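Chains as they are written, first to last, in our numbering: chain Z, 13 to 271; chain U, 4 to 278; chain V, 61 to 401. I have placed the structure first, in the form of C-alpha cells, so that the comments after it can refer back to it.
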Amino acid sequence: MIQRLFAPFALFLVIGFLIGPFLIIVAASFSAGETLAFPPQGFSLRWIAKVFTVESFRDSFATSMMLAIGGTFCALVLGIPAAYAMSRYKLPLSETVRTIVSAPVIVPGIIVGLALLRYFVVPFGIGITPALFLAHTALVLPYAVRVVSASLANLRSDIEEAAVLLGSSRLGAFFRVVLPNIRGGILSAFILGFVTSFNQVPVSLFLSGPGVRTLPIDMIAYMEIVFDPSVAALSSLLAFMSIGIVFLAERFLGFSRYV
Amino acid sequence: MFHNRAEAMALALPAAVFAAAVFLLPVILLLAEGFKSAEGWSAAAYTGFFSEPINQTVFWRTLRLGAIVTVVSAVIGYAAAFAIVNLKPGTKGRMIGLVILPLMISPVARTYAWIVILGRTGIVNQALQGLGLTDGPLRILFTETAVFIGLLQLFLPLMIISLISALENMPRDAVPAARVLGANWFQVFWKVILPLTKEGVVIGGTLVFTGSLTAYITPAILGGSKVLMLETLLYQQVSVANDFVSASVIALILIVMSFAANLLLKRVATARNNR
Amino acid sequence: MSDLDFLSLEKLTLAYGDSIAVKELDLSIRKGELVAFLGPSGCGKTTTMRAIAGLLAPASGRIRLDGADITRVSANRRSVGLVFQSYALFPHLSVFENVAFGLRLKKLPAADIEKRVNAGLKSVGLTSFASRKPAELSGGQQQRVALARSMVMEPKVLLLDEPLSNLDARLRLEMRTELQRVQKETGVTMIFVTHDQGEALSLADRIVVMKGGTIEQIGTPEEIYNRPASAFVADFVGFENIFELSGGKLKAANGLAELPGPVPSAAGLAWRPRMVTLGSGPFRGTVRGASFSGDSREYLLDTPLGPIKAEIDASLPAHAPDTELAFDLPVEKAAELKRFG
Numbered sequence: 013m014i015q016r017l018f019a020p021f022a023l024f025l026v027i028g029f030l031i032g033p034f035l036i037i038v039a040a041s042f043s044a045g046e047t048l049a050f051p052p053q054g055f056s057l058r059w060i061a062k063v064f065t066v067e068s069f070r071d072s073f074a075t076s077m078m079l080a081i082g083g084t085f086c087a088l089v090l091g092i093p094a095a096y097a098m099s100r101y102k103l104p105l106s107e108t109v110r111t112i113v114s115a116p117v118i119v120p121g122i123i124v125g126l127a128l129l130r131y132f133v134v135p136f137g138i139g140i141t142p143a144l145f146l147a148h149t150a151l152v153l154p155y156a157v158r159v160v161s162a163s164l165a166n167l168r169s170d171i172e173e174a175a176v177l178l179g180s181s182r183l184g185a186f187f188r189v190v191l192p193n194i195r196g197g198i199l200s201a202f203i204l205g206f207v208t209s210f211n212q213v214p215v216s217l218f219l220s221g222p223g224v225r226t227l228p229i230d231m232i233a234y235m236e237i238v239f240d241p242s243v244a245a246l247s248s249l250l251a252f253m254s255i256g257i258v259f260l261a262e263r264f265l266g267f268s269r270y271v
Numbered sequence: 004m005f006h007n008r009a010e011a012m013a014l015a016l017p018a019a020v021f022a023a024a025v026f027l028l029p030v031i032l033l034l035a036e037g038f039k040s041a042e043g044w045s046a047a048a049y050t051g052f053f054s055e056p057i058n059q060t061v062f063w064r065t066l067r068l069g070a071i072v073t074v075v076s077a078v079i080g081y082a083a084a085f086a087i088v089n090l091k092p093g094t095k096g097r098m099i100g101l102v103i104l105p106l107m108i109s110p111v112a113r114t115y116a117w118i119v120i121l122g123r124t125g126i127v128n129q130a131l132q133g134l135g136l137t138d139g140p141l142r143i144l145f146t147e148t149a150v151f152i153g154l155l156q157l158f159l160p161l162m163i164i165s166l167i168s169a170l171e172n173m174p175r176d177a178v179p180a181a182r183v184l185g186a187n188w189f190q191v192f193w194k195v196i197l198p199l200t201k202e203g204v205v206i207g208g209t210l211v212f213t214g215s216l217t218a219y220i221t222p223a224i225l226g227g228s229k230v231l232m233l234e235t236l237l238y239q240q241v242s243v244a245n246d247f248v249s250a251s252v253i254a255l256i257l258i259v260m261s262f263a264a265n266l267l268l269k270r271v272a273t274a275r276n277n278r
Numbered sequence: 061m062s063d064l065d066f067l068s069l070e071k072l073t074l075a076y077g078d079s080i081a082v083k084e085l086d087l088s089i090r091k092g093e094l095v096a097f098l099g100p101s102g103c104g105k106t107t108t109m110r111a112i113a114g115l116l117a118p119a120s121g122r123i124r125l126d127g128a129d130i131t132r133v134s135a136n137r138r139s140v141g142l143v144f145q146s147y148a149l150f151p152h153l154s155v156f157e158n159v160a161f162g163l164r165l166k167k168l169p170a171a172d173i174e175k176r177v178n179a180g181l182k183s184v185g186l187t188s189f190a191s192r193k194p195a196e197l198s199g200g201q202q203q204r205v206a207l208a209r210s211m212v213m214e215p216k217v218l219l220l221d222e223p224l225s226n227l228d229a230r231l232r233l234e235m236r237t238e239l240q241r242v243q244k245e246t247g248v249t250m251i252f253v254t255h256d257q258g259e260a261l262s263l264a265d266r267i268v269v270m271k272g273g274t275i276e277q278i279g280t281p282e283e284i285y286n287r288p289a290s291a292f293v294a295d296f297v298g299f300e301n302i303f304e305l306s307g308g309k310l311k312a313a314n315g316l317a318e319l320p321g322p323v324p325s326a327a328g329l330a331w332r333p334r335m336v337t338l339g340s341g342p343f344r345g346t347v348r349g350a351s352f353s354g355d356s357r358e359y360l361l362d363t364p365l366g367p368i369k370a371e372i373d374a375s376l377p378a379h380a381p382d383t384e385l386a387f388d389l390p391v392e393k394a395a396e397l398k399r400f401g
C-alpha cells in the first residue's frame, strides 16, 4: 500500500530533478532582465534574438554543424564496411578490429584531444579545423559501428547469398539488399553521432585556435565573461533542436531500437 | 559469405587504421611520456605525482565523487525504475522518454542550469532566505556538493535506463512467488530483485562511474578551480603549467580506472551469456 | 556428357579453414532427377549443396553442370537456384519485386518481367499477394515466394535447404505435393537437403546418405529403406537392432552368439523392431519397458545379447514388465549390411 503512494511521488521527484533544470533554463531565456536569474524578470524575446546576432556563436555554430555532419558522415563511411565485415566474418580478428575501433569510447575525450594536439597538430602542422574533424570522426566511429552492427545483426546473411544466386554481384548484393534493409540503423547512427559530436566538449577543449571553436566551447567561454541570459537562450534553442531531431527519428525510424 | 580473410580485412581495415592512427597511436605516445625521464624509462613521474598532497586530494576526490554518485544513482535508480516498469504501457513510454530527454541536451546547458539554481542569488538561496533558514546566501556553487548534484543529474538517466531493462527482463512471477513464500519487501528486494537485476546495476554503475570520472564540464563549471577533479586538473596542468608529464600521468590514471570499470562490465556481460 | 551425369561432382573436397567438411566426393545426378542429401547435422550435406551453388569454393575437385566445368564459375553466373531454409526473402521488397529481382538484373524488358513474375506467382498460387511485403506472409507463403523467385530464373538445378522442416504437418504435405508438381511440370533437376528420413523417402527419386563428409550409400528410397548398406544407414532409417557379424556369429554383449540356420556372409545384420519374433525362438530376454502406440506395442527387452527392441500388433496380448520372454532374430528377414561402422 505504501509503495502504491510512494512510487509515483518518488518518480515525480526524480523526473523533476532531471527535467527541472532544463525548464528553468528555458524560462530564464525568456527573461527581460539583464542578468541570468530565476524567476525571470518579465517576458521578452530579446535574448533569443540576441543569440543570432553574436558573431562568435554564428561561427562556432557553423563549425559544430560542419563537424557533426561531416564527422559523422566520415565515421559512417568508415564504420559501415567495418561493421559489415565484422558481422559477416566471425573470427578473433573481428574482435581485434572491434576493440580498436571502439576504443575512443573508453578513453576520456580530453585525452584524445590532447594526444591529437601533441602528436598530430603540432608535429605535422595540420590546422585546428582538420584536427577537430579527425577527432570528431574518431569519436563518432564507435557509435557508428555499434549501431550499424546492431541493425546488421537483425539481418540474416543469407539474403546476400540469395541475391548473388539470382545474378547479383557481391557489391551489388550489398547495395541492393543489405543497404536498404539497414537504412533505419544508418540514419539512427547518424543522429546519435550528430548529437554526440555536437554536444561534445572534452575532445575539442585543446583543439581550439584563433577563430575556430566548437559551439559548446564557445558557450563556456562566453559565460565566463558575460552573465546574461543569452547562453540560456542558446541552450534552449539547441536543446529543442536535439529533442526535435530525436523525436522525429523515434517517430519515423524507431530510433531506440538501434541505440 | 566471405570466402577469405582478405576481403573482410579490406572492408574493416580503413576504420581500424583510422582509429589506430588518429586515436590509438597518439594516446599511446602521450601515455609513454609519463614514463620517460632523463635517464630512460621510469615511474618517477608517478611517484612524483602522488607525493603532491594536492594531487592526492584530487585523486581521492575524483574516486570518492565517482563512487558516491554511482551508489546514490543506484538507490534512486531502483526506486525510479521500479515505479516506471509498473506503469501502464503508454505512460511508461512517456516516462522513459522524459528520463532519456536530458541525454539529448548539451551537457553545457544542463550544467549551466545549476548555476541559476545553486548560485548566490539562485533559487535555493532565495528559498532558504525567504524561509528565514539562513541570513545570507550559502555558498553552494564551487563545492563538492554542487559537483555531486551536477554529476548525478547528468548520469542518473543511464542508471535508470539500465535498471528498467534489467527489471523488465526479470521473470514475471519472481516477486509474487517470493511474496507467496513469505518474504517481506526488504527480503524480496535483497534476495530476489537485486540478484536478478545484478547485471543491470553493474552496467548502469559502470556507465555512471566512468562518466563521473571523465566528466569535464560539470567539475569545470560547478567546481571551478576550488573543486578540481582529475579531468579539470589535467586541463589545468596543460593550459596553465604546460606540464605534459603530469597530464600524461593523469591520463593513464583515468584510462586505467575506466578500463577497470569496463572490464568489470564485460566480465558480468560474459558471465550472463555463459549461463 | 549424357543425361546420366547432368550434374557431377568429381573428387570434391570442401573445407572451412583447416577443417575438412567433405572429402573426395564423387556423385552423378541425372537430368530431371529429384535427389535428397540425407544425413545428420555436420555430415556435409549442406556444405556440398553450398558448393554446388557456388557459395563455397572447393578445396579440390571439380563440379560439372550440363557439360561445362563450373568449379570456378562464380555463384551469380551458375544457373543454380537455391531455396533457403529461412527463405531469405528481401524484407524491403514486395512479393512481386522479390520474384522480379533476378529478372531485373538480367535487364529483361519490363513487359517480359511482368509476364514471367505473374506466371511464377500464379504457379505457386500467390497472385493476389504480389504487392505485399514478405513480413505480411505466413511461413508457407514465404517459402512459395522463395520457390517462385528461384524458378522464374529457369535454373538448371534447383537446390532446397531443408524445404519442409519449418512447416507444420499440413503445410508439409502441401509443399511436398507442390515440389513434386513443379518438378514434373518444369523437369528441373532438384536436390534437397534434409536430416529427416521420412522427408527424403517420400519425396526423392534417389537418396544420397552422407556421414562425416563422405557418401554412405546412394539408392532409391526402397533400397535405402529395405537394404541399408551400413550400420549407420540402418540406424538412420529405423533399424533398432543392429549387430556386427564375426565368423557367421553375432557380436553381442555377452560374446559371440550363434544364429539358427545359415548365416549370409555380410559385415552385419539389422532388424527393425517389427522383424523381431516375440514369444518363441532361441533367445530369452526380460521386458524392461513397454509403450503402446495405437496399432502396436513396442517392448524394450533386456537380453544377454544386449537391449533388443521389438514391436508387435496391439491386438496380440500384452506382456507385463519383468516377464521373461523367448524371442528370435530371424535371419531371413534381416537386412544384410555390407559395411559395419
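We put the CB at the ideal spot given by N, CA and C, even for glycine. These figures come from a predicted structure and were not determined experimentally.
- If the five residues before and after Leu263 (chain V) are omitted, its C-beta is found closer than 6 Å to the C-beta atoms of Arg236, all from its own chain and listed in chain order.
- Closest in C-alpha terms to Ser76 (chain Z), from the list Z:Pro214, Z:Phe206, Z:Pro241, comes Z:Phe206.
- Trp331 (chain V) has V:Asn301 as its beta-bridge partners, per DSSP.
- Straight through space, the alpha carbons of Asp176 (chain U) and Ile126 (chain U) are spaced by roughly 45 Å.
- Per the C-alpha coordinates, the member of U:Ala250, U:Leu231, U:Ile253 positioned closest to Thr60 (chain U) is U:Leu231.
- Annotated three-state conformation of Ile122 (chain Z) is helix, per DSSP.
- Looking at the backbone, the Cα of Thr280 (chain V) and that of Gly196 (chain Z) are separated by about 50 Å.
- Leu142 (chain V) and Ala113 (chain V) have their alpha carbons spaced roughly 7 Å apart.
- Within 10 angstroms of the beta-carbon of Val243 (chain U) lie fewer than 16 other beta-carbons, which makes it exposed.
- Checking the DSSP bridge columns, you'll see Gln277 (chain V) partnered with V:Val269.
- Proximity of chain U to Tyr155 (chain Z) at the Cβ level (cut-off 7 Å) is not reached, the minimal Cβ distance being about 13 Å.
- In this structure, the CA atom of Phe192 (chain U) is about 54 Å from the CA atom of Val66 (chain Z).
- Remark: C-beta atoms of Ala150 (chain Z) and Pro116 (chain Z) approach each other more closely than 7 Å.
- The Cβ of Leu14 (chain U) sits closer than 7 Å to at least one Cβ of chain Z.
- In the structure shown, the three-state DSSP call for Arg90 (chain V) is coil.
- Shown here, Ser99 (chain Z) sits in a helix according to DSSP, grouped into three states.
- Val66 (chain Z) has a beta carbon lying at 7 Å or more from every beta carbon in chain U.
- Neighbourhood of Val26 (chain Z) in chain V, by CB distance below 9 Å: empty, with the nearest CB roughly 38 Å away.
- Not a single C-beta of chain V is nearer than 7 Å to the C-beta of Pro104 (chain Z).
- Cβ-Cβ distances below 8 Å link Lys95 (chain U) to Ile87, Val88 in the same chain, with the five nearest sequence neighbours on each side left out; the list follows chain order.
- For Tyr49 (chain U), the enclosing alpha helix (DSSP H) has its first and last residue at 47-54.
- Residue burial is scored here from C-beta neighbours: Gly203 (chain U) has at least 16 other C-beta atoms within 10 angstroms and is therefore classed as buried.
- Taking Ile171 (chain Z) as the centre and dropping the five residues before and after it, the same chain places the C-beta of Val189 closer than 7 Å to its C-beta, in chain order.
- Identification of chain U residues near Met77 (chain Z) by a Cβ-Cβ cut-off of 9 Å yields none; the smallest Cβ-Cβ distance measures about 14 Å.
- Chain-order list of chain Z residues neighbouring Ile120 (chain U): Gly32, Pro33, Ile36, Phe50, by C-beta distance under 9 Å.
- Each residue's CA atom was taken as its position, placing Thr200 (chain U) and Phe352 (chain V) some 47 Å apart.
- Here Val238 (chain Z) is exposed. Its C-beta has fewer than 16 other C-beta atoms within 10 Å.
- Leu90 (chain Z) is positioned such that its CB atom lies closer than 7 Å to that of Pro17 (chain U).
- Taking C-beta separations shorter than 7 Å and ignoring five residues to either side along the sequence, the partners of Met231 (chain Z) in its chain run Val243, Leu246, following chain order.
- Here DSSP, grouped into helix, strand and coil, assigns Thr383 (chain V) to coil.
- Rounded to the nearest whole angstrom, the C-alpha separation of Arg182 (chain U) and Phe262 (chain U) is 40 Å.
- Annotated as proximal: Phe252 (chain V) and Leu220 (chain V), with beta-carbon spacing under 7 Å.
- DSSP places Glu396 (chain V) within a strand segment (E or B) once states are collapsed to three.
- At a C-beta separation below 8 Å, Pro322 (chain V) has no neighbours in chain Z, since its nearest C-beta there lies roughly 54 Å away.
- Residue pairing for Gly139 (chain Z): DSSP places it in no beta bridge.
- No Cβ of chain Z is located within less than 7 Å of the beta carbon of Ser198 (chain V).
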